[in-house]
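> No gaps in the numbering here: position 64 of the sequence shown is 63 in numbering that gives the first Met the number 0, and each next residue is one more.
Got a structure for you, written out below as structure tokens; questions coming shortly.
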Amino acid sequence: MQDQVLPTVLDKIFRNESTPDAVFSAGVSALGEVLQCDRIFLYLRDPHTRIGKVPYCWLRSSEYPNIIDSDWKQEPESLPQEDPLFAAALRTEPSIFVEDVETANPQVVNQAFEAKEFGHRALVHAHLCFDGVLWGILQPCVFGKPRVWTQQDRSIIAAVTEKFTPLAVAYIKAANSK
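And the structure:
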């Protein structure tokens with residue numbers, strides 16, 4: 000099954016899409032459907048200036064908070080201390096799959112921060128890293144209940160982050176040239 004699903008997902012995301020904007024728009028929606036998540040957002044950042052935004056957010060239903068923010072904003076200096084997931088991303092560690100925010104190791108997840116900022120119960124913190132720096136975070140999540148992330152889910156996330164990363168770099172560089 001996994002061998003059949005992954006090419007289908009990638010084809011759905013990347014078929015007929017050539018610009019980073021088109022791929023990201025199609026990608027978060029396709030990924031949300033395939034992973035059966037409640038929300039997926041993509042945070043893009045300039046690793047040199049530490050300015051970022053959330054230009055893409057897909058919601059299964061309007062009952063979930065839309066965190067889209069198309070304005071570039073400076074990342075808070077305290078963010079790596081408040082959010083161990085973000086600190087891990089800055090260290091370009093592998094993506095992190097959290098099955099239950101409420102029972103996760105506090106060294107991995109700050110439960111209070113996640114509840115206040117995002118409200119989800121389970122998430123993937125998928126790191127888009129290139130040349131030893133973080134360019135973005137793709138975050139599928141589920142509200143209200145824990146979620147076991149299967150090997151198939153992990154394979155899909157790995158393949159999508161591999162495809163998204165060079166596009167994130169191109170998106171940031173294009174934004175900087177304007």
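Glycine included, each C-beta is placed from N, C-alpha and C at the ideal position.
Taking the C-alpha atoms as reference points, what is the distance between T160 and K144?
By 1-based counting over the sequence shown, the position of residue 160 is 161. By 1-based counting over the sequence shown, the position of residue 144 is 145. So the alpha carbons of these two residues sit roughly 25 Å apart.
> Can you name, in chain order, every residue of its own chain whose Cβ lies under 7 Å from the Cβ of I156, other than the five neighbours on each side?
Translated into positions along the sequence shown, residue 156 becomes position 157. Result list for I156: S94, V123, A125, in chain order.
> With a floor of 4 residues, list each alpha helix (DSSP H) that falls wholly inside the segment 16-40, ordered by position along the chain.
If we require 4 residues or more, the alpha helix (DSSP H) runs fully inside the segment 16-40 come out as 19-34.
> For P64, I'd like the list of residues in its chain whose CB is within less than 7 Å of its CB, leaving aside the five on either flank, ordered along the chain.
Translated into the one-based positions of the sequence shown, residue 64 becomes position 65. Cβ within range, chain order: G118.
> Where in the segment 62-150 do unbroken runs of the beta strand (DSSP E), each at least 3 residues long, occur, reported from the N-terminal end onward?
As far as the segment 62-150 is concerned, its whole beta strand (DSSP E) runs of at least 3 residues are 68-73, 95-97, 121-129, 132-141.
> Can you name the start and end residues of the beta strand (DSSP E) that K182 belongs to?
No answer is possible for residue 182: the residues shown for the chain start at 0 and end at 177.
> Excluding the five sequence neighbours on either side, which residues of its own chain have a C-beta within less than 8 Å of the C-beta of Q110, listed in chain order?
Residue 110 sits at position 111 when you count from the first residue of the sequence shown. The residues are V100, E101, A103.
> Of the choices P46, C56, G51, V33, whose alpha-carbon is the least far from that of F40?
Mapped onto the sequence shown, residue 40 falls at position 41. The candidate whose alpha carbon is nearest that of F40 is C56.
> Please go through the same chain and pick out, in chain order, the residues whose beta-carbon is closer than 7 Å to the beta-carbon of F142, but skip the five residues on each side of it.
Reading the sequence shown from its first residue, position 143 is the one you call residue 142. Correct list, in chain order: D37, Y63, G118, H119, R120.
> Figure out for me which residue from S28, P83, E98 has the closest Cα to the Cα of P105.
Mapped onto the sequence shown, residue 105 falls at position 106. Of S28, P83, E98, the residue nearest in Cα terms is P83.
> Report the rounded CA-to-CA distance for V132 versus R90, giving the unit in angstroms.
As a position in the sequence shown, residue 132 is number 133, starting the count at 1. As a position in the sequence shown, residue 90 is number 91, starting the count at 1. Those two C-alpha atoms are separated by around 8 Å.
> Out of D20, D70, I66, P19, which one is the CA nearest neighbour of Q138?
Here residue 138 corresponds to residue number 139 of the sequence shown, with the count starting at 1. With distances taken between Cα atoms, Q138 lies closest to I66.
> Starting from the C-beta of S24, find all residues in its chain whose C-beta is less than 7 Å away, skip the five residues before and the five after it, and write them out in chain order.
Against the sequence shown, residue 24 aligns to sequence position 25. Hits under 7 Å: Y55.
> Residues in the same chain with beta-carbon distance under 8 Å from A87, minus the five sequence neighbours each way, listed in chain order, please.
Along the sequence shown, one-based indexing puts residue 87 at 88. Cβ within range, chain order: I95, V107, H124, H126.
> Could you check how far apart the C-beta atoms of R49 and Q73 are, in whole angstroms? I think they sit under 8 Å.
Residue numbering aside, residue 49 sits at position 50 when the sequence shown is read from its first letter. Residue numbering aside, residue 73 sits at position 74 when the sequence shown is read from its first letter. 6 Å between Cβ atoms; contact.
> Keeping to the same chain, check which residues put their C-beta closer than 6 Å to that of V147; ignore five residues upstream and five downstream.
In the sequence shown, counting from the first residue as 1, residue 147 sits at position 148. Result list for V147: E98, in chain order.
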